[in-house]
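Report on the structure given below.
2 protein chains.
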Amino acid sequence: MQTLNRAYFEALDRDDPLAAYRDQFDLPAGHIYLNGNSLGVLPKAAKEKARQVVEEQWGQGLIRSWNTHDWIRIPQRVGDKIAGLIGADDGEVIVADSTSVNLFKMAAAAVKLNAGRHKILSEPGNFPTDLYILQGLEQFLDGQVRLVTEHRDSILDAIDEDTAVVVLTHVHYKSGAMFDMAAITARAHEKGALVIWDLSHSTGAVPVELNRVGADFAIGCGYKYLNGGPGAPGFLFVAKRHQAQLQQPLSGWFGHANPFAMRDDYEAAPGIARTLCGTTPVVGASLLEVGVDIMASADMHQIREKSLRMGQLFIELIEQRCSQYGFGLASSKDPAVRGSQVSLTHEQGFAIMQALIARNIIGDFRAPDILRFGFTPLYVRYVDLWDCVDALVDIMANDHWDQAAFKKLTAVT
Amino acid sequence: MQTLNRAYFEALDRDDPLAAYRDQFDLPAGHIYLNGNSLGVLPKAAKEKARQVVEEQWGQGLIRSWNTHDWIRIPQRVGDKIAGLIGADDGEVIVADSTSVNLFKMAAAAVKLNAGRHKILSEPGNFPTDLYILQGLEQFLDGQVRLVTEHRDSILDAIDEDTAVVVLTHVHYKSGAMFDMAAITARAHEKGALVIWDLSHSTGAVPVELNRVGADFAIGCGYKYLNGGPGAPGFLFVAKRHQAQLQQPLSGWFGHANPFAMRDDYEAAPGIARTLCGTTPVVGASLLEVGVDIMASADMHQIREKSLRMGQLFIELIEQRCSQYGFGLASSKDPAVRGSQVSLTHEQGFAIMQALIARNIIGDFRAPDILRFGFTPLYVRYVDLWDCVDALVDIMANDHWDQAAFKKLTAVT
């Protein structure tokens with residue numbers, strides 16, 4: 001292993017084909033932001049978009065903007081753009097509601113499509129809201145289905161003829177561990193089960209090829225790697241072959257075949273639009289579009305390459321410079337099964353992360369002992385990794401951390 | 001009946017105690033906007049709020065703003081402010097999701113609370129998304145409950161011992177007709193049924209006293225009279241006495257007792273927060289707060305008084321000046337059962353409304369023949385009514401309307 005130094009990282013930045021993207025984002029001065037896996041940063045163009053949507057479209061256009069600014073088609077339009085990022089076709093992805101609400105719709109629909117089967121399969125330690133939503137569905141259906149969680153190492157074997165749907169997060173929020181989407185989808189189909197992939201930590205971070213692996217359903221988050229803004233709407237994917245049969249219980253008027261006919265009886269829209277529920281959150285969805293546009297203009301393979309190199313270099317830096325400080329590695333060293341983040345463990349992880357944040361180096365902490373560092377190739381520089389670890393060395397070597405000194409940061413993934 | 005003229009309306013504006021509110025809104029020049037019952041207008045302060053939330057809170061604060069700008073408490077904080085507008089207490093109202101999603105949560109919860117009863121009661125012609133959501137629930141619960149619709153004149157008699165929950169819109173979106181909330185709630189309770197009131201066309205428009213009438217649940221819209229912006233989040237109300245028992249199926253992580261402990265098992269938050277699902281839509285909810293703040297600063301009785309006077313005068317103007325043109329009145333002349341709008345019927349209603357809109361007088365049309373005129377006392381002037389009817393007279397007298405000349409406006413209530 002070569003000995004790393006700052007000049008080496010500077011050189012990587014000079015050669016980085018994605019380097020120019022950083023200028024499209026408005027980062028706070030003097031910050032190193034390694035938390036784009038939790039909340040992405042502000043695209044500069046989103047400032048003008050917010051002004052346009054609020055002042056012109058809403059303020060001046062008022063109700064007419066549903067047509068004149070095509071508010072009515074935002075869910076489909078932005079959905080089609082996201083489709084291009086995850087290997088889906090036009091008309092298979094739509095922007096709506098939150099990730100949690102979208103999971104409820106997809107899981108309820110999958111259970112109906114696979115009626116007679118009794119098992120929803122997931123893993124313990126999946127992102128909490130996924131498990132909570134599935135528990136809500138289980139309770140609501142009063143024993144028709146039950147949620148079973150199996151450790152990821154035995155998940156393939158746990159898929160059986162009684163499995164209605166498998167619900168897994170492609171890239172794990174804590175460890176960054178990545179499932180083999182193709183293998184699990186294939187096994188599920190072999191057993192007659194459906195799969196819902198949660199792409200919250202994948203979309204815009206790692207290549208995803210939903211149709212290549214024959215995926216059924218997916219959901220994802222707008223405010224992480226897509227840089228859509230805090231609490232941006234989520235999205236969902238339904239493979240074309242499932243759309244005509246799909247029934248989802250949140251059958252609000254925006255999912256109606258003819259919403260403005262104002263009829264008494266629900267009739268599902270013919271395609272992906274049947275997954276919509278209430279009125280589109282116009283401002284949030286418009287800001288999301290800005291982030292999606294930037295991501296869609298970038299080369300996902302360059303993103304993945306830079307992300308993996310960053311992960312690799314970060315691990316090497318920790319090994320070379322922090323070996324004596326008691327950190328563990330919670331992410332795999334194998335890039336094939338690692339998303340766009342590296343997680344360390346340390347028993348004083350919370351206090352250490354607070355000390356980094358106090359220096360405007362922002363990663364995050366996940367109980368009980370995980371420090372997460374997210375690598376978002378469009379705006380994080382290689383040299384940021386050097387500077388981050390340099391600060392970490394100083395913090396550890398000089399005891400610049402103190403649990404009592406920092407108020408607990410409410411962590412939001 | 002006195003003969004009305006423009007000077008009379010100008011005098012009313014001079015004496016209007018609410019007149020100064022108009023200056024808090026950014027109305028397009030030369031427009032008369034009588035569609036605030038569909039999409040409210042832009043508060044001037046929302047422009048600066050959008051800039052702050054996007055540029056400072058998101059752009060500079062990033063993930064830290066969940067604490068430093070208290071994003072985490074937005075649903076409760078704005079909910080408490082709305083509570084003051086509808087006769088609820090602190091901790092009984094929360095901002096979340098859309099009106100449609102919130103109805104699903106409330107209806108599902110009510111059916112569970114009243115398990116063993118089989119009927120969800122509503123009226124035909126209720127706002128479509130309400131019926132669609134109830135149909136989705138019915139289908140999803142596979143025959144456990146069925147939706148029954150009864151004409152509003154016989155709704156009281158239709159509430160029986162098998163009724164789990166009554167779901168009605170307090171002020172009707174088309175006619176503006178207003179239910180007697182106290183009488184229906186009392187009858188429902190007498191029969192052991194629960195009631196969900198949809199306050200979409202009530203909140204900020206007419207006085208509502210949820211706790212005085214002993215209401216159980218309510219939902220409402222953020223983008224109409226609350227001026228929260230297009231697709232603003234909705235809100236919901238759960239009476240304190242129901243909160244501890246309430247189970248709702250959209251049990252996402254924001255409704256967890258301790259969301260950031262990231263545990264595998266759902267545990268509902270103790271109070272109203274258990275009705276939350278996914279991550280708060282920060283930008284939309286922040287803009288909603290601006291509109292709510294303005295509404296909360298106004299005197300609801302003055303609003304109601306002006307609204308009723310406007311309705312009365314509008315009807316008189318139509319009677320005095322348009323009697324020969326074939327308009328019918330779809331709203332009641334009795335102010336006690338009329339919300340903050342007056343609806344007319346005309347067989348050429350669509351074309352007539354388009355002709356008004358072409359003159360920047362914006363009401364809206366609801367199939368098959370309804371012209372809706374909404375009166376929002378905080379920014380509509382008395383003289384606007386005169387000018388609206390004056391334009392209408394010109395349109396009718398001189399045939400300045402032509403169905404073919406206007407592209408259909410997609411109407412969004």
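First to last, the sequence lines map onto chains X and H.
Going by UniProt numbering, the first sequence opens with residue 1, and the numbers climb by one from there.
Going by UniProt numbering, the second sequence opens with residue 1, and the numbers climb by one from there.
Here a beta-carbon is modelled for each residue, glycine too, at the ideal position from N, C-alpha and C.
Keep in mind the model is a prediction, meaning the values are calculated, not measured.
With DSSP collapsed to three states, give me the class of residue i.
i: X:Leu115; result: Note on identity: in this sequence residue 115 of chain X is Ala, with Leu being the wrong assignment. In the structure shown, X:Ala115 sits in coil (DSSP, three-state: anything other than H, G, I, E or B).
i: X:Met178; result: strand
i: X:Ser343; result: strand
i: H:Pro43; result: strand
i: X:His189; result: helix
i: H:Arg372; result: strand
i: X:Val282; result: helix
i: H:Thr129; result: helix
i: H:Ser331; result: coil
i: H:Ile272; result: helix
i: H:Ala358; result: helix
i: H:Tyr33; result: strand
i: X:Leu409; result: Here X:Leu409 scores only 41 on pLDDT, less than 50, and its place in the model should not be relied on; the value that follows carries that caveat. DSSP places X:Leu409 in coil when its eight states are reduced to three.
i: X:Ser98; result: coil
i: X:Ser122; result: strand
i: H:Ala367; result: coil
i: X:Ala11; result: helix
Are the Cβ atoms of residue i and residue j separated by less than 8 Å?
i: X:Gly228; j: X:Leu131; result: no
i: X:Thr279; j: X:Pro75; result: no
i: H:Ile315; j: H:Val342; result: yes
i: X:Ala218; j: X:Leu236; result: yes
i: H:Leu134; j: H:Ile155; result: no
i: X:Tyr225; j: X:Ala232; result: no
i: X:Glu161; j: X:Glu123; result: no
i: H:Pro128; j: X:Arg263; result: yes
For chain H, check one thing: does any of its Cβ atoms lie closer than 8 Å to the Cβ of residue i?
i: X:Asn35; result: yes
i: X:Thr275; result: no
i: X:Ala405; result: The predicted position of X:Ala405 is uncertain, since its pLDDT is 44 and thus under 50; a value taken from the coordinates is nonetheless stated next. Output row for X:Ala405: interface = no.
i: residue 492 of chain X; result: Residue coverage of chain X in this structure runs from 1 to 413, which leaves residue 492 of chain X outside it and unanswerable.
i: X:Leu409; result: Any reading at X:Leu409 needs caution, since the residue's pLDDT is 41, under 50, leaving its predicted position unreliable; the model's value is listed next. Judged by the 8 Å Cβ criterion, X:Leu409 is in contact with chain H.
i: X:Gln60; result: yes
i: X:Ser343; result: no
i: X:Glu55; result: yes
i: X:Pro230; result: yes
i: X:Gln320; result: no
i: X:Ala50; result: yes
i: X:Gln139; result: yes
i: X:Val282; result: yes
i: X:Gln245; result: no
i: X:Ala108; result: yes
Give a yes or no on whether 8 Å exceeds the smallest Cβ distance from residue i to chain X.
i: H:Trp197; result: no
i: H:Val393; result: no
i: H:Asp23; result: no
i: H:Tyr132; result: yes
i: H:Lys240; result: no
i: H:Pro75; result: no
i: H:Asp26; result: yes
i: H:His201; result: no
i: H:Lys224; result: no
i: H:Gly30; result: no
i: H:Phe104; result: yes
i: H:Arg14; result: no
i: H:Ala261; result: yes
Thinking residue i and residue j are a contact (beta carbons under 8 Å), I'd like their distance in whole angstroms, please.
i: X:Val101; j: H:Leu250; result: 6 Å
i: X:Val292; j: X:Val41; result: Actually they do not touch by this definition, with Cβ atoms about 14 Å apart.
i: X:Leu378; j: X:Leu18; result: 6 Å
Quick one: which chain X residues come within Cβ less than 9 Å of residue i?
i: H:Pro124; result: Asp264
So with CB distances below 8 Å, who are the chain H contacts of residue i?
i: X:Gln135; result: Ser251, Asp265 and Tyr266
i: X:Leu287; result: Val54 and Val283
Mind listing the chain X neighbours of residue i? Cutoff is C-beta to C-beta under 8 Å, in chain order.
i: H:Asp364; result: Ile63
i: H:Ala46; result: Val54
For residue i, return the contacting residues in chain X, with the cut-off set at a CB-CB distance below 7 Å.
i: H:Trp71; result: Pro230
i: H:Leu236; result: Those do not exist, as H:Leu236 stays about 12 Å from chain X at its closest Cβ, beyond 7 Å.
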